[in-house]
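Scroll down for the structure; my scribbles are underneath it.
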Amino acid sequence: MTGLHHPRRRYRTVAPVVHLPPSLDVRIAWRRSTLSVALVSALAGALTTMSPGLLAQSIDPAAVAALPAVASVATPDDASTLAPVTVTGTADKPLPIALATAPAVVESLSAQQIHDTVNLMTTAESLKYLPSIEVRERYIGDRNGIVATRTTGTVSSAESLVYADDLLLSNLLGNSYSFPPRWGLVSPAEIARVNVMYGPFSALYPGNSMGGVVTLETRMPTKAEFHAAVTGAMENFDLYGTSQRNMSGDFNLAAGNRWGPISLWVTYDHLDAQGHPMSFSTSALSSKAAGAGATPVTGAYQDLDQSGKARMVFGAYSIDHSLQDQGKLKLGWDITPEIQAIYTFGLWHNDSTTSVQSYLTNTSTGQPFYNGSASIDGHAYTVSGLNPGSAEQLHMVNALSVGSDTHGAFDWHAAYSNYRFLKDNSRSASRYGQSDVGSNQVQDGTGWQTGDLRGTWRPAPLFGQTHELTFGYHIDDFLLKQNTYALANWSSGPNGALTAASGGETRTQALYLQDVWTLAPRWTLTLGGRQEYWRAFDGFNRNVATTPNLATYPNQQRSDFSPKAALDFQITQALATRLSFGRAIRYPTVTELYQQVTSGSQLVQNNPNLKPEDSRSFDWTTLYSWGTGVFRVSLFQENRHNALFSQTDTSISPNLTQIENIDRARIRGVESALDEEDVFVEGLNFSGSVTYAESVVQQDTLAPAAVGKQFPRIPRWRARMSATYHPNDRLTYALGYRYSSGAYSTLLNTDINQDVYGGISSYSVFDAKVSYRLEPRLTASIGVDNIGNQKYFVSPHPYPQRTVFVGLNYDY
Numbered sequence: 022m023t024g025l026h027h028p029r030r031r032y033r034t035v036a037p038v039v040h041l042p043p044s045l046d047v048r049i050a051w052r053r054s055t056l057s058v059a060l061v062s063a064l065a066g067a068l069t070t071m072s073p074g075l076l077a078q079s080i081d082p083a084a085v086a087a088l089p090a091v092a093s094v095a096t097p098d099d100a101s102t103l104a105p106v107t108v109t110g111t112a113d114k115p116l117p118i119a120l121a122t123a124p125a126v127v128e129s130l131s132a133q134q135i136h137d138t139v140n141l142m143t144t145a146e147s148l149k150y151l152p153s154i155e156v157r158e159r160y161i162g163d164r165n166g167i168v169a170t171r172t173t174g175t176v177s178s179a180e181s182l183v184y185a186d187d188l189l190l191s192n193l194l195g196n197s198y199s200f201p202p203r204w205g206l207v208s209p210a211e212i213a214r215v216n217v218m219y220g221p222f223s224a225l226y227p228g229n230s231m232g233g234v235v236t237l238e239t240r241m242p243t244k245a246e247f248h249a250a251v252t253g254a255m256e257n258f259d260l261y262g263t264s265q266r267n268m269s270g271d272f273n274l275a276a277g278n279r280w281g282p283i284s285l286w287v288t289y290d291h292l293d294a295q296g297h298p299m300s301f302s303t304s305a306l307s308s309k310a311a312g313a314g315a316t317p318v319t320g321a322y323q324d325l326d327q328s329g330k331a332r333m334v335f336g337a338y339s340i341d342h343s344l345q346d347q348g349k350l351k352l353g354w355d356i357t358p359e360i361q362a363i364y365t366f367g368l369w370h371n372d373s374t375t376s377v378q379s380y381l382t383n384t385s386t387g388q389p390f391y392n393g394s395a396s397i398d399g400h401a402y403t404v405s406g407l408n409p410g411s412a413e414q415l416h417m418v419n420a421l422s423v424g425s426d427t428h429g430a431f432d433w434h435a436a437y438s439n440y441r442f443l444k445d446n447s448r449s450a451s452r453y454g455q456s457d458v459g460s461n462q463v464q465d466g467t468g469w470q471t472g473d474l475r476g477t478w479r480p481a482p483l484f485g486q487t488h489e490l491t492f493g494y495h496i497d498d499f500l501l502k503q504n505t506y507a508l509a510n511w512s513s514g515p516n517g518a519l520t521a522a523s524g525g526e527t528r529t530q531a532l533y534l535q536d537v538w539t540l541a542p543r544w545t546l547t548l549g550g551r552q553e554y555w556r557a558f559d560g561f562n563r564n565v566a567t568t569p570n571l572a573t574y575p576n577q578q579r580s581d582f583s584p585k586a587a588l589d590f591q592i593t594q595a596l597a598t599r600l601s602f603g604r605a606i607r608y609p610t611v612t613e614l615y616q617q618v619t620s621g622s623q624l625v626q627n628n629p630n631l632k633p634e635d636s637r638s639f640d641w642t643t644l645y646s647w648g649t650g651v652f653r654v655s656l657f658q659e660n661r662h663n664a665l666f667s668q669t670d671t672s673i674s675p676n677l678t679q680i681e682n683i684d685r686a687r688i689r690g691v692e693s694a695l696d697e698e699d700v701f702v703e704g705l706n707f708s709g710s711v712t713y714a715e716s717v718v719q720q721d722t723l724a725p726a727a728v729g730k731q732f733p734r735i736p737r738w739r740a741r742m743s744a745t746y747h748p749n750d751r752l753t754y755a756l757g758y759r760y761s762s763g764a765y766s767t768l769l770n771t772d773i774n775q776d777v778y779g780g781i782s783s784y785s786v787f788d789a790k791v792s793y794r795l796e797p798r799l800t801a802s803i804g805v806d807n808i809g810n811q812k813y814f815v816s817p818h819p820y821p822q823r824t825v826f827v828g829l830n831y832d833y
């Protein structure tokens, strides 16, 4: 026994349904792009063109005969067994080796559990009720859904990892809201199980695992199957002068089959989502008299900002409407009964527009006022930010993995993935309402690639002791290519002059070794280490507005070793405890080192001299199980050195906002989780967690006033709860609850008024869902998120208000 796997087991199995809400737009605003038609055609044709007869000609009958029979669905393991077994709905499939051997807490949810409990239109939402996890999905279809864990915040994208099987979805080009995992490459229909590993305690993962690792296990078919689903959503949004009814829809198709050693899985997903405003144009309350050239306007709203100061609100912007299409093909080949190869090809396309709404009216003309000098009640204001935009993105992924998973004396695995921005353009106006000029940011050619070689050796026991030795090699490469062009017409004009450019590359190679050593029947020692070699090179910045207009940066490199250790003790059959330690080195990303951007009137500079974050993490977990339930308590602490954070340097004048290293910070707390089946009545199951985290800045040379302050974006309290009731095999009721206390977003903790736009507010939100199987292959569902219609925010953006979902799933 290595990790204390907490499989969130619950309930008897109802009819096996591969849910996965998908894509209908209640408004039928489905624009069939060329890509959409091509992907649907590929889905329909893939299976019909591969006839069993043709395949039979290329398949060795002896190899087919040697294939093992398909296992029947197994019942859950006895509750008193603490080995890392799988959850209801995933048969007897064990965890992936990297998670099964991890001396860390691993929480899991099956596709059936997600289907029953979550109003799901995007893959990111599948994590909604897992302990301490928050995904910053500000509206349906949000491309910037960052994962926050018990020790990382909602914009720390490079401090946790997200995988789809072996495929890295995390965008480690940067560490902010702009670099989310590529959730769009996995449709909800593909998910077989979601796993979350907490903390950097496995030598098999890089230092970006300091917050945790999310693994989306996807499916491969064992027989002919077809799935179709439509889901519609309606959000009523009301804030300041904006009152909207936002309609979104998702449509999903999935089909697969297996012919002897060959398996094929094809998916297509279309999402048409209308979001609410992500941001609002604001200004501090002014006492300055307006000049003669200022435009008299009315319609502004007044309230208090996150610091408790009076402000004016001029309008809403970044009102996103996105059309997202995803198509994926997975081809599996059982080379031998023990060795399997899987090739994955995927395309993701996004076509989005962001509109604006001004609350201001020019008193002379009666027309909306968007940007410029304004006079409100005779006082001077500068209105900015009310600029519309559009984006078009086409991303491609290729991945190949091959290996064995026999759990015998030796297993091996090799994987390669390549993620590329084939097209990535983002256009925006600069002075909307005054002129048509704008800019276009182009990132064509940006991307990353990863490679892994791994072996696992399980020698014969010696003197009653066993070893499971895992060793391997890892390489990743992240490339940034960014050009910004002037536009005479922001919406449709061709690229003009190049105004700015950034570029650079980082590469990390690693060797690792980990041994799970069973010292005695009840004692297990896990020892591991990871040696990493990191390089950053070819970094530059070009800006025609500066002198000199080109800056190049020297190449740099370094090497670090990260030890890992854990000791497990199985006190009784029902009670187990484990103490874990892990060091993690998180290297600066390409954009932290080389990308320069402007934020308002201040310059936010890249910093080519950043040090890597150095995290020393501890976890003491105790788990107790009984016939129908599991209870876990985890004490955790992370000592972070050279923490990377965007802050203002107050030691120089004028102040300059940069990515800088905070010398020392500490985050510690306790996390408890409970799962119970058949609570009071048969078919009623409960899952819940409560987390307390205390964070503090201990040393900061650049901002001494921050010492003793709470580390930003780490709330003190979080709670997640989910209850499901199955009165019979056709009907399922689910009730969910999410709670978080407020948090600071500033290093000096000046944002004390947190429950307003601009703050990180507390929230207490209930969700509900009802699913009913109309017939063996058809299931309908209806649900509501944020039943109480609470208005809450994640600095500075509003989260969704009350949203109603309706879905229909067909599974063959």
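Residue numbers (the numbering used here): 22 to 833.
We put the beta carbon where it would ideally sit given N, CA and C, even for glycine.
Opposing strand residues paired with residue i [DSSP bridges]
i, result
"residue 118", "In the DSSP output, where bridge partners are listed per residue, residue 118 has none listed."
"residue 641", "600 and 656"
"residue 406", "None, per the DSSP bridge assignment."
"residue 379", "336"
"residue 696", "651 and 708"
"residue 258", "265"
"residue 315", "According to DSSP, which records beta bridges pairwise, residue 315 is partnered with nothing at all."
"residue 188", "185"
Contacts around residue i, its chain only, beta-carbon distance under 7 angstroms, and the 5 residues preceding and following it disregarded
i, result
"residue 309", "400 and 401"
"residue 2", "With the chain covering 22 to 833 only, the question about residue 2 has no answer from this structure."
DSSP three-state assignment for residue i, whether helix, strand or coil
i, result
"residue 298", "strand"
"residue 511", "coil"
"residue 7", "The question about residue 7 has no answer here: the residues shown for the chain are numbered 22 through 833."
"residue 347", "strand"
"residue 416", "strand"
"residue 684", "strand"
"residue 178", "helix"
"residue 615", "helix"
"residue 389", "strand"
"residue 635", "strand"
"residue 146", "helix"
"residue 51", "Confidence at residue 51 is low in this model, with a pLDDT of 35, below 50, so the placement of that residue should be treated as unreliable; the coordinate-derived value is given next. Three-state DSSP puts residue 51 in coil, outside helix and strand."
"residue 17", "Since the first residue shown for the chain is 22 and the last is 833, residue 17 is missing from the structure and cannot be characterised."
"residue 242", "coil"
"residue 646", "strand"
Supposed contact pair residue j and residue i - C-beta distance, whole angstroms, cut 8 angstroms
i, j, result
"residue 190", "residue 230", "With 8 angstroms as the limit, residue 190 and residue 230 do not qualify as a contact, their Cβ atoms being about 14 angstroms apart."
"residue 839", "residue 720", "Lying before the first or after the last residue shown, residue 839 is absent from the chain, which here runs from 22 to 833."
"residue 773", "residue 174", "Contact flag wrong, Cβ pair sits at about 18 angstroms."
"residue 426", "residue 118", "7 angstroms"
"residue 305", "residue 332", "6 angstroms"
"residue 554", "residue 530", "5 angstroms"
"residue 539", "residue 487", "4 angstroms"
"residue 697", "residue 650", "4 angstroms"
6 angstroms Cβ shell around residue i - same chain, five flanking residues per side excluded
i, result
"residue 411", "374 and 448"
"residue 755", "137, 138, 745 and 790"
"residue 473", "436 and 495"
"residue 829", "251 and 801"
"residue 451", "458 and 459"
"residue 439", "419 and 470"
"residue 443", "415 and 417"
"residue 144", "204, 207 and 209"
Problem - Three CB pairs or more closer than 8 angstroms across the segment 334-343 and the segment 285-297 - result: yes
Practice task
Would you be able to state if there are at least three C-beta pairs under 8 angstroms between the segment 509-517 and the segment 469-480?
Solution key: no
Handout entry: Meets three-Cβ-pair contact criterion under 8 angstroms: the segment 226-240 and the segment 631-651
Key = yes
Practice task
Report yes or no: do three or more beta-carbon pairs, one from the segment 539-550 and one from the segment 512-524, lie closer than 8 angstroms?
Solution key: no
Practice task
Could you tell me whether the segment 314-332 touches the segment 382-401, using the rule of 3 or more Cβ pairs below 8 angstroms?
Solution key: yes
Problem - Three CB pairs or more closer than 8 angstroms across the segment 784-798 and the segment 195-203 - result: Judged by Cβ distances under 8 angstroms, the segment 784-798 makes no contact with the segment 195-203, as fewer than three pairs qualify.
Exercise for the section: State whether the segment 793-800 contacts the segment 148-161, with contact taken as three or more CB pairs (one from each stretch) at a distance under 8 angstroms. Expected result: The segment 148-161 and the segment 793-800 do not touch, with fewer than three beta-carbon pairs separated by less than 8 angstroms.
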